[in-house]
Amino acid sequence: MFQAIERWLKGAALEAQEYVRLTMAAVRCTFTPPIYRHDVVEQFDLIGVGSLTVVLLSGLFTGAALAMQTGLTLDRFGARPVVGQLVSISMIKELGPVLTALMLTGRIGSGIAAELGSMVVTDQINALRALGTDPVRKLVVPRLLAGFCMAPVLTALADFVGIFGGWVVARFTLQVNSGVYWSSVTNGLYMQDAWMGLIKPLVFGFLIVTIACHVGLRTAGGTAGVGKSTTVAVVAGSVAVIAADFFVTQLLATLLY
Amino acid sequence: MVQGSEAQTAKQILSETGAPVVMFDRVQLAFDDKVVLADLSFTLIKGHTKIILGASGSGKSTALKIITWLLKADAGVVWVNGQRVDQLTEHEMMSVRADLGMIFQEGALFDSLTVRENVGYKLYEETAMPLEDVDRRVEEVLGFIGLIEHADKMPSELSGGQRRRVAIARAMAFKPSILLYDEATTGLDPITATTVDDEIIKLRDLEGVSSIVVTHQLRDAFYVATHMAERGPDGAVRIMPASGDKAEEAEFIMLKDGLICFEGTAEELRRSADPYLKTFLS
Ligand SMILES: Nc1ncnc2c1ncn2[C@@H]1O[C@H](COP(=O)(O)OP(=O)(O)OP(=O)(O)O)[C@@H](O)[C@H]1O
Ligand SMILES: [Mg+2]
Chain R
430 MFQAIERWLK
440 GAALEAQEYV
450 RLTMAAVRCT
460 FTPPIYRHDV
470 VEQFDLIGVG
480 SLTVVLLSGL
490 FTGAALAMQT
500 GLTLDRFGAR
510 PVVGQLVSIS
520 MIKELGPVLT
530 ALMLTGRIGS
540 GIAAELGSMV
550 VTDQINALRA
560 LGTDPVRKLV
570 VPRLLAGFCM
580 APVLTALADF
590 VGIFGGWVVA
600 RFTLQVNSGV
610 YWSSVTNGLY
620 MQDAWMGLIK
630 PLVFGFLIVT
640 IACHVGLRTA
650 GGTAGVGKST
660 TVAVVAGSVA
670 VIAADFFVTQ
680 LLATLLY
Chain F
825 MVQGSEAQTA
835 KQILSETGAP
845 VVMFDRVQLA
855 FDDKVVLADL
865 SFTLIKGHTK
875 IILGASGSGK
885 STALKIITWL
895 LKADAGVVWV
905 NGQRVDQLTE
915 HEMMSVRADL
925 GMIFQEGALF
935 DSLTVRENVG
945 YKLYEETAMP
955 LEDVDRRVEE
965 VLGFIGLIEH
975 ADKMPSELSG
985 GQRRRVAIAR
995 AMAFKPSILL
1005 YDEATTGLDP
1015 ITATTVDDEI
1025 IKLRDLEGVS
1035 SIVVTHQLRD
1045 AFYVATHMAE
1055 RGPDGAVRIM
1065 PASGDKAEEA
1075 EFIMLKDGLI
1085 CFEGTAEELR
1095 RSADPYLKTF
1105 LS
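Residue numbers (this note's numbering), protein chains in the order written: chain R, 430 to 686; chain F, 825 to 1106.
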């Protein structure tokens, strides 16, 4: 029993140490040449453009559902016209960043872990190293750059279609006048909210990609190991996003407001 | 300054005939509790061939990965091309690897790249060689191994034997002076296997490549050890049985239980009376 706990703690410490080491190496490699430009472009396309559909769909329906729910609650206070404000604040500060990040974890976190994992078990990572390429530079850096830069962009798009979805519900189900909706959307917003809505996805994008790369590169045990890594990347990535959301919100709330 | 002259001396020594290009000194490696290499020492002389035999799981692939320092040994000293690799960082190791070509047992082709991109990978990505020159070199190498018509396919569209030949092409494309073949001929038909063997012999005898050949196929092992390549007066390359001196330049190593249980030439291996060797050879 005691030994099992000790073994678990040791494993966790080792894992954390390796994660920090990989992350630091990746950051260092990002700012020093050579950069594999071709791979960077490819990953921006894969991660950015490729995730567009899922992110937009989930944003749209979240905004719509939010308007529906809050509309019903607001009715009790006779405050139906401020539904736009509630939708925009919730989307921009909280739901947009978190839901987009969770969708990205499912889509790109799993993809990265599976791809890198299968490269490990088929010796392709070793082949890269034998051919003089640093796998961190070639594989991690392009994904990190793409995840870090595209997460805020995707989040902004999700926010926008979410607010649009809210408008559809407000206009056609709740019978709120369009002008009223849109002015209440902008009325309740402060610059700080926009900052919070942009800084969060930066952190999430970074976490999702670094966790997925770390898990993928540490894959062991053949094809079964790849499956396990994929699951771990999604689970660990999602938990990290939700936990980070709490801490970042708290930090930014004290710093910005 | 001192370091500069040391590097000079090392280069000078390495350029002489009979220079050691790979040296293992009491190398040990264990995975958790399982000892794979208990005490391995050998030396590969420039332009010579070392043929590593051994049962499945005896640590042959592991030994090759230690030479390229993809795996770190637990103890012992490893020299490659005049550099003590066990003291180098991953970054410093890259310059040593520039002269090492490795053919992985499972091929390890990059499955997101075409055959052409795989073969030219190092030249395209890691050197400043002009693109036309790279293309020419890639075509040349693909021609060698007879896969030119498959240049634009993906590795997943090739047969196992074809993949293995692409792996050989990728390792030789950047003209390394040391080539490590991990089961390069396993699973090939006898004719293709002989083509590959001839290639190993040609690279060794005409280009001066030092090679380590890991194989289960005794036929290929003996073929490589007992043949040599010569360029005739008309420029054509001929493969023929090696004369006395040349045959001495290929040395066999047999691994067993993490130790070397036999070391010697093809002739000595054939004549050995050791019962384990006899069962292995029969
Ligand atoms: N990553 C690893 N983790 C744990 N054990 C390993 C690992 N890689 C290899 N081994 C063990 O090391 C031993 C030697 O493996 P190696 O691949 O060197 O064998 P080999 O001589 O090349 O065999 P084969 O002829 O089948 O290719 C095996 O018993 C294997 O179980
Ligand atoms: Mg092997």
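Just so you know, even glycine gets a beta-carbon here, dropped at the ideal spot from N, CA and C.
CB contact below 8 Å: residue i versus chain F
i                      : result
residue 560 of chain R : yes
residue 446 of chain R : no
residue 552 of chain R : yes
residue 449 of chain R : no
residue 556 of chain R : yes
residue 440 of chain R : no
Terminal residues of the beta strand (DSSP E) in which residue i lies
i                       : result
residue 465 of chain R  : From DSSP, residue 465 of chain R is part of no beta strand (DSSP E); its letter is neither H nor E.
residue 1083 of chain F : 1083-1088
residue 972 of chain F  : Taken as a continuous stretch (DSSP letters only), residue 972 of chain F belongs to no beta strand (DSSP E), as it is neither H nor E.
Sheet register partners of residue i (DSSP bridge)
i                       : result
residue 848 of chain F  : F:866 and F:902
residue 1051 of chain F : F:1065
residue 907 of chain F  : F:904
residue 854 of chain F  : F:859
residue 1075 of chain F : F:874
residue 1034 of chain F : F:1002
residue 926 of chain F  : F:1004
residue 1080 of chain F : F:1083
Heavy atom of ligand 2 within 7 Å of residue i beta-carbon
i                       : result
residue 929 of chain F  : yes
residue 1006 of chain F : yes
residue 858 of chain F  : no
residue 884 of chain F  : yes
For residue i, the first and last residue of its enclosing alpha helix (DSSP H)
i                       : result
residue 502 of chain R  : 481-504
residue 1068 of chain F : 1068-1072
residue 657 of chain R  : 651-685
residue 985 of chain F  : 984-996
residue 891 of chain F  : 884-891
residue 430 of chain R  : No alpha helix (DSSP H) contains residue 430 of chain R, which DSSP labels as neither H nor E.
residue 619 of chain R  : Taken as a continuous stretch (DSSP letters only), residue 619 of chain R belongs to no alpha helix (DSSP H), as it is neither H nor E.
residue 528 of chain R  : 525-533
residue 555 of chain R  : 553-559
residue 600 of chain R  : 570-601
residue 513 of chain R  : 512-519
residue 539 of chain R  : 539-550
residue 919 of chain F  : 914-921
residue 943 of chain F  : 939-943
residue 1099 of chain F : 1099-1105
Chain R contact for residue i (CB, 8 Å cutoff)
i                       : result
residue 884 of chain F  : no
residue 1010 of chain F : no
residue 1005 of chain F : no
residue 1039 of chain F : no
residue 918 of chain F  : yes
residue 866 of chain F  : no
residue 924 of chain F  : yes
residue 999 of chain F  : no
residue 1086 of chain F : no
residue 993 of chain F  : no
residue 938 of chain F  : no
residue 950 of chain F  : yes
8 Å contact criterion, which residue i and residue j should meet: CB distance rounded
i                       : j                       : result
residue 995 of chain F  : residue 926 of chain F  : 6 Å
residue 520 of chain R  : residue 588 of chain R  : 5 Å
residue 885 of chain F  : residue 929 of chain F  : 6 Å
residue 666 of chain R  : residue 641 of chain R  : 6 Å
residue 1010 of chain F : residue 1050 of chain F : Actually they do not touch by this definition, with Cβ atoms about 20 Å apart.
residue 878 of chain F  : residue 860 of chain F  : Their Cβ separation, rounded to whole angstroms, is 11 Å, which puts residue 878 of chain F and residue 860 of chain F out of contact at 8 Å.
residue 687 of chain R  : residue 591 of chain R  : Nothing in the structure corresponds to residue 687 of chain R, since chain R is present only between 430 and 686.
residue 516 of chain R  : residue 495 of chain R  : 5 Å
residue 939 of chain F  : residue 971 of chain F  : 7 Å
residue 502 of chain R  : residue 949 of chain F  : Not a contact, Cβ separation roughly 58 Å.
Contact test: residue i Cβ vs ligand 1 heavy atom, cutoff 7 Å
i                       : result
residue 881 of chain F  : yes
residue 676 of chain R  : no
residue 650 of chain R  : no
residue 855 of chain F  : yes
residue 1082 of chain F : no
residue 1011 of chain F : no
residue 1040 of chain F : yes
residue 878 of chain F  : yes
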